[in-house]
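Asks: Following this message is one structure expressed as structure tokens.
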Amino acid sequence: MCKLMSPNRHTISTPAVSRKSCNPGLGFKPGFWHFIEGLNAARVLLPIVQQICLLTTHWKSSDNGLYEWQLSRLACSFQIIPLRMFSPSGCSSSCSHLDPFQENIARNTVIGIAEDVHIGTKSPVLLIIVDMIDSLHIVTKTRELLHAKKPPEVLNVRAYDNQRNEFSTLDSVEFQCAYGYGRKSDQTVLRFMTLQRFSYEHPATVQALDQKGQKGHMVLLEGLKTGSAKVSVNLPYTEYRHVLPAEVNLMVVANLLIDPPDAYVLKGDTVKFRLLQLRHGRIVELSIPSSQYVFTIENSAIAEPIDSRGNMLALEQGRTKVLLQYSNDMSIRLPHAFITVTEPQYLALSILPHRNWAVELHKMYNLVVDVYDGANRKFHLGDNVRIEVKVPAEYFTVKSSSLNGTQHDGHPIKTGVASVEATLRAIGSFVYETPLYTREELSIFSPVRVTPSQYILPWEENLKYQVVLKATGGDGSYSWSTSHPEVATVTQSGLVKTLGLGEVNISAAMTKNIDNRDSSRVVITKPTRLQIVDRFSLEAEVDKPIHLHVALYAEDERSGKEISFTNCQQLSFKVILDDPSFVYDESYNQKENVGSACANLAILGSRIASTRVTVQYQIGDILLEDSAIVGTFNPLVIVQPTKGYTVLAVGTSRHLVFSGGPSNKNLKKGTKKVDYDNRIVDVFDVTSDTQDMYIYSVLCKRIGETNVKVVIGSCATADCKRSESMSIVKVYCSLPKLVSFYFDSKSKACPLKSEIDRISALNYKEVNITLIVKDSKGRTFDNATSLYAEWMISNTSLASVRFPGLVWLNVTHTDNYLVPLNHFQILIPKKKSGTVELAVKILHYRNVLLKKLNIVTDVQTFDDDISATALIHFVEDTAVSKNNILLFNHPKNKGSIEILPGSGHYKLTKSSEDVAQFIWDANDKHLLRVIPMSAGHVKLTIQDLCLESHTTHINVEIRQVNSIRVEMINKIQKGKHVLAAVKLYDSEETVLPISQVEFFDLNVALSKEGILQVTQHAVNVTRSEILFQVTGLEIGVSNVVFSTSFSD
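For reference, each letter of the sequence shown is one residue, going 12 to 1059 in this note's numbering.
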């Protein structure tokens, strides 16, 4: 059985035909296929053409039967060819027949019969008529071809018999086509195109002819230039010499447009008409005037051309045509336009591009003024119109305006409400008695912004997210919408609720102007990679949280690139720590992340150490993990200045030193941030890689104060805050207000205050004088070396200064940084004793120094009297009148020691407290009194408290009477006198010196009274003798006994 096609469908094909199917004496060409579907009888009219085998009538039955095919008469003119064989008997469900050359050129008819092989019924199916072509006709869709149109126009040739019946097919029939057949015509207007260059549907037989360079019944034509041409078609066969060619006159016209096509114009105004052409899908403007086209006015009383470029002037009210004509051929029909002159009725203001007066800040807009007539038709406004537009410059900046005032380009610069006014007062010289006026309120709003602009969330079974998007700008009233509500919904407060996997755009539009809008991209997808970001920043102070910032990544289906998740804090991460002194504490997890991280995990370290931490996340059978090293450090503290602030003069600097904080070794991949006011100071990092401290040099540039905040962190990103340590030093850049001297006495026991204006100094040793400079707040300068100081000495023969004009600074070097100690001046004595007055006065800055530092200051001289004076008494070293003293032990026996030049302030040190007492003389401050207390030896040390003088020692010996020896004769003549010399000896048999006899309390006793008389005669100090006169009174014997109570 045969499966049949659907009925009543006609198609065309061109199979090859064997030459054996036709008269063997003739050479046949491929012929026609004519398909007829269905078992209904069909009529086919075929042309008789020599040397063409016409294959036609491809018939397909519409039922499931098999058929044998027959013709009503046998002739070589017709032959049945089964196309689809289904049985050995030759039955088929389709057939074709061919028509060879007719020996007798005349009309001929044959009937094709189909016999059902199963039931034996025969049915007439096909009526085939062959006849001669009597006439030709060319069919086109239009007689006007557009210039340069792609694709080209199609011309079809149709043939008729002498009864005006149209032939069913002309497949494989060759035609001759020509331009201007029969008479002269322009040969450059048209050209024929080959079918193979275009995708037209066409019979295969026509394509076969086209490939040979021949023409079939379908021809393609292209217009080369504007103009007219005649196309003729005829049959090149001998038997058709009598058939007249078919002719058609075609015109190639340009695809022209006139802009504007219908213009309403105010009286006295102008309008410019433009000539446009459509070329290859693009509209281009043709220049006017040109050699081809010219504009004319149909009624010159209403409007007239004012030049040859298309400009027209409106003269009177009315309506007329604007005609476009060829310069050389006025018969060619071309498009036209209209111009209408009428009165204006009202003005209208509009703002483009959205025609909404609620506009967006800083966005470009076009303010447009239109004029309408009473029928609401808009006027075309030319250069003669003058419209005055007022826009508040405070709110709107106009970048450009048209000459007639109808177009103004600009942008809003300030939020608020502004009134825009427009007035039409005149057109050319004509002034309206009542000007047309209109106004609009311009509401300016900031742009709507939705943050964050992108939100990437990890998908997890049964985990839904609620994300709050924030909209700013506009009028504060927004309309929220979602592009895919099955993925996520959004409330009118911006709360996004996720529902499943996918991507969605959440938009917020200002309710007053939906074009002021912004959106956020929300993506819910599965993570594919886990990473701990900022690995070199994982440090924190002891007992403070170390924040591990964890990033999850997935592939972006839109871009194909890897994207990071915005928030994944809700996921269940597993944290593994190697060192038990570190713990994971969820209570310290912060909400804000940095960089590409979507979650953070807090680690606490209880001691200075480091350890490995591993973060894991399980999603199905896939384990995502990453590891990093975390550590702890001491807080960042200020080393210098110790007081936490520093005072500097303009043009001076000092080192700021910090210790602690993250390890300096990690800072190549971390951060050292210094914040300060660069108008006041400059700060330079002078830290060495080998140091465990952070050193900065701060330079004062102008008067003021600023905080120098140093933040040390091991983060690799600028927004990292979790591994930082911070410290602040206050820097005062001040003006000098007070100056004073400070003299270092080298001893805290010196009774003189260091700030007094009178001191003593050795006349041979340099004097280091400390200078204290303070600002108006009483703060002492750490560096004032940029100040110029005038030094003055009353007597330059006694001393001079080492650094004239300078305030010198004493510094100490410690661990590669400098610490300012004090300002000083050195006074050089000239080994002469005397008193000088030393004075200093601070006048101005050292301008040469400031110039080298590129510092400019408005202060030329200091207005205040910033000065100090001091009296300096130059003396020799401390000396004593004697270094050894021997005294008899008696309370009234006082010795004396003269202390030669010194400061006058001494420290006395005794080796013993019981031997003698030392008291300064009340009338002479340089005289020291020695009062014996008991026999013995004491060493007195004298030290000058206020001078760097050498120490003086005095040996004091206090002696008692141990024995008394008397030298005299033992016989005395009565009435005569003799001298008795009494000497006192101590225990060492040393004669005691005699100063005042009364100190010894010598007593004289006689063994027998009345014989002798003893009286004190004299004292020989040199011989340490006390002389007594002994007188004989009576003859007799008597013992003279000398004794004292101050003895051992």
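Virtual Cβ for every residue (Gly too), placed ideally from N, Cα, C.
Which partner residues does Pro423 have in the DSSP bridge list?
Replies: To locate residue 423, count along the sequence shown from 1; it is residue 412. Paired residues: Phe407.
Asks: Which residues in the same chain as Val515 place their Cβ atom closer than 7 Å to its Cβ, once the five residues preceding and following it in sequence are excluded?
Replies: In the sequence shown, counting from the first residue as 1, residue 515 sits at position 504. So the qualifying residues of the chain are Thr493, Ser494, His495, Val498, Ala499 and Val533.
Asks: Which same chain residues, not among the five before or five after Thr1042, have their C-beta less than 6 Å away from its C-beta?
Replies: Position 1031 of the sequence shown, counting from 1, holds the residue named residue 1042. Beyond the five residues adjoining it in sequence on each side, Thr1042 comes within less than 6 Å, by CB distance, of His988 and Gln1024 in the same chain, given in chain order.
Asks: Looking at the structure shown, is Asp384 part of a helix, part of a strand, or coil, going by DSSP?
Replies: For the purposes of this step, residue 384 is identified with residue 373 of the sequence shown, where counting begins at 1. Looking at Asp384 - three-state DSSP - the assignment turns out to be coil, as it is neither helix nor strand.
Asks: Using the Cβ count rule (16 or more neighbours within 10 Å means buried), how would you classify Val1052?
Replies: Position 1041 of the sequence shown, counted from the first residue, corresponds to residue 1052. Val1052 comes out exposed.
Asks: At a cut of 8 Å, does the stretch 609–619 reach the stretch 541–561 through at least three beta carbon pairs?
Replies: yes
Asks: What's the C-alpha gap between Val1002 and Leu882?
Replies: Walking along the sequence shown from the start, residue 1002 turns up at place 991. Walking along the sequence shown from the start, residue 882 turns up at place 871. Going from the Cα of Val1002 to the Cα of Leu882 covers about 50 Å.
Asks: Return the chain-ordered ranges of every beta strand (DSSP E) run that is complete within the stretch 549–582 and spans a minimum of 3 residues.
Replies: 550–552, 557–566 and 573–575
Asks: Lys862 lies in the beta strand (DSSP E); which residues open and close that run?
Replies: The residue labelled residue 862 in the question sits at position 851 within the sequence shown. Following the DSSP letters along the chain, one finds Lys862 in no beta strand (DSSP E) but inside the alpha helix (DSSP H) bounded by residues Asn858 to Lys863.
Asks: From the DSSP output, read off the bridge partner residues of His834.
Replies: Within the sequence shown, numbered from 1, the residue matching residue 834 stands at position 823. Looking at the DSSP assignment, His834 forms a beta bridge with Leu782 and Leu820.
Asks: Since I believe Phe1011 is in contact with Phe899 (beta carbons under 8 Å), could you give me their beta-carbon distance rounded to a whole number of angstroms?
Replies: Numbered from its first residue, the sequence shown carries residue 899 at position 888. Numbered from its first residue, the sequence shown carries residue 1011 at position 1000. Contact flag correct, Cβ pair sits at about 7 Å.
Asks: Could you tell me the distance, in whole angstroms, from the CA atom of His148 to the CA atom of Val121?
Replies: Here the question's residue 148 lines up with position 137 in the sequence shown. Here the question's residue 121 lines up with position 110 in the sequence shown. Approximately 27 Å, taken between the alpha carbons.
Asks: Candidates Gln651, Phe456 and Gly439: which alpha carbon is nearest Ile424's?
Replies: Numbered from 1 along the sequence shown, position 413 holds the residue referred to as residue 424. Nearest C-alpha to Ile424: Phe456.
Asks: For Lys481, which residues from the same chain have a beta carbon less than 8 Å from its beta carbon, with the 5 sequence-adjacent residues on both sides left out?
Replies: As a working note, residue 481 is residue 470 in the sequence shown. So the qualifying residues of the chain are Val461, Thr462 and Gly505.
Asks: Going along the chain, which residues of its own chain have a beta-carbon closer than 6 Å to the beta-carbon of Arg857, five neighbours each way excluded?
Replies: The residue labelled residue 857 in the question sits at position 846 within the sequence shown. Closer than 6 Å at the Cβ level, and outside the excluded window around Arg857, lie Ser797 and Tyr799.
Asks: Short of 6 Å in beta carbon distance, which residues of its chain neighbour Val295, apart from the five on each side in sequence? Order them along the chain.
Replies: Locating residue 295 in the sequence shown gives position 284, where the first residue counts as 1. Only Gln288 meet the Cβ criterion.
Asks: Using the rule of at least 16 other Cβ atoms within 10 Å of the residue's Cβ for burial, across every protein chain shown, is Glu452 buried or exposed?
Replies: Taking the first residue of the sequence shown as 1, we reach residue 452 at position 441. Result: exposed.
Asks: On a CA-only basis, which of Asn119, His129, Lys152 and Thr132 is nearest Met143? Give me that one, please.
Replies: In the sequence shown, residue 143 corresponds to position 132, counting from 1. Nearest of Asn119, His129, Lys152 and Thr132 to Met143, Cα basis: Asn119.
Asks: Drop a sphere of 10 angstroms on the beta-carbon of Gln477, count the other beta-carbons inside from all chains shown, and report buried for 16 or more, exposed for fewer.
Replies: Position 466 of the sequence shown, counting from 1, holds the residue named residue 477. So Gln477 ends up on the exposed side.
Asks: Nearest-angstrom Cα distance between Gly662 and Thr698?
Replies: The residue you call residue 662 lines up with position 651 of the sequence shown. The residue you call residue 698 lines up with position 687 of the sequence shown. Cα to Cα, the separation comes out at about 22 Å.
Asks: Using beta-carbon positions only, say whether Val586 and Tyr595 come within less than 8 Å of one another.
Replies: Within the sequence shown, numbered from 1, the residue matching residue 586 stands at position 575. Within the sequence shown, numbered from 1, the residue matching residue 595 stands at position 584. Yes. Within cutoff.
Asks: Looking only at its own chain, which residues have a Cβ that is under 8 Å from the Cβ of Tyr996, when we skip the five neighbours before and after it?
Replies: To locate residue 996, count along the sequence shown from 1; it is residue 985. Excluding residues within five positions, the ones whose Cβ falls inside 8 Å are Val972, Asn973, Ser974, Ile975, Arg976, Val1002 and Leu1003.
Asks: Three or more C-beta pairs under 8 Å: does that hold for the stretch 324–334 against the stretch 349–357?
Replies: yes
Asks: Ala800 bridges to which residues according to DSSP?
Replies: By 1-based counting over the sequence shown, the position of residue 800 is 789. The partner list for Ala800 (beta bridge, DSSP) reads Ile853.
Asks: What residues in its chain sit with their C-beta under 6 Å from that of Asn367, if we drop five residues either side in the sequence?
Replies: Within the sequence shown, residue 367 is the residue found at index 356, counting from 1. Excluding sequence neighbours, Asn367 sits near Asn524.
Asks: If I measure Cβ to Cβ from His948 and keep anything under 6 Å in the same chain, skipping five residues before and after, which residues do I get?
Replies: Here residue 948 is taken as the residue at index 937 of the sequence shown, counted from 1. Taking C-beta separations shorter than 6 Å and ignoring five residues to either side along the sequence, the partners of His948 in its chain run Glu968, following chain order.
Asks: For Leu911, is the classification buried or exposed, using 16 other Cβ atoms within 10 angstroms of its Cβ as the cut-off for buried?
Replies: Taking the sequence shown and counting its residues from 1, one reaches residue 911 at position 900. Exposed, by the Cβ-count rule.
Asks: By the three-class DSSP mapping on this structure, what secondary structure does Ser708 have?
Replies: The sequence position of residue 708 within the sequence shown is 697, counting from 1. Residue state, collapsed to three classes: strand.
Asks: Can you tell me whether DSSP reads Asp221 as helix, strand or coil?
Replies: Residue numbering aside, residue 221 sits at position 210 when the sequence shown is read from its first letter. Helix.
Asks: Our contact map puts Leu392 next to Asn415 with C-beta atoms below 8 Å; I'd like the distance itself, whole angstroms only.
Replies: Here residue 392 is taken as the residue at index 381 of the sequence shown, counted from 1. Here residue 415 is taken as the residue at index 404 of the sequence shown, counted from 1. 6 Å between Cβ atoms; contact.
Asks: Which residue or residues does DSSP assign as beta-bridge partners of Phe186?
Replies: By 1-based counting over the sequence shown, the position of residue 186 is 175. Note: Phe186 sits in a beta bridge opposite Lys226.
Asks: For Met944, which residues does DSSP report across the bridge?
Replies: Within the sequence shown, numbered from 1, the residue matching residue 944 stands at position 933. Paired residue(s): none; Met944 is not in a bridge.
Asks: Put Ser598 into one of helix, strand or coil per three-state DSSP.
Replies: As a working note, residue 598 is residue 587 in the sequence shown. DSSP places Ser598 in helix when its eight states are reduced to three.
Asks: Any contact of the stretch 308–318 with the stretch 225–240, i.e. 3+ C-beta pairs under 8 Å?
Replies: With a cut-off of 8 Å on Cβ pairs, the stretch 308–318 is not in contact with the stretch 225–240, counting fewer than three such pairs.
Asks: Classify Phe754 as buried or exposed, calling it buried when 16 or more other Cβ atoms lie within 10 Å of its own Cβ.
Replies: By one-based count along the sequence shown, residue 754 stands at place 743. Taking all protein chains in view, the Cβ of Phe754 is crowded by 16 or more other Cβ atoms within 10 Å, so the residue is classified as buried.
Asks: Given Ser196, which residues of its chain have a CB within under 7 Å of its CB, disregarding the five upstream and five downstream residues?
Replies: For the purposes of this step, residue 196 is taken as residue 185 along the sequence shown, with counting starting at 1. Confidence at Ser196 is low in this model, with a pLDDT of 49, below 50, so its placement is unreliable and no value can be given for it.
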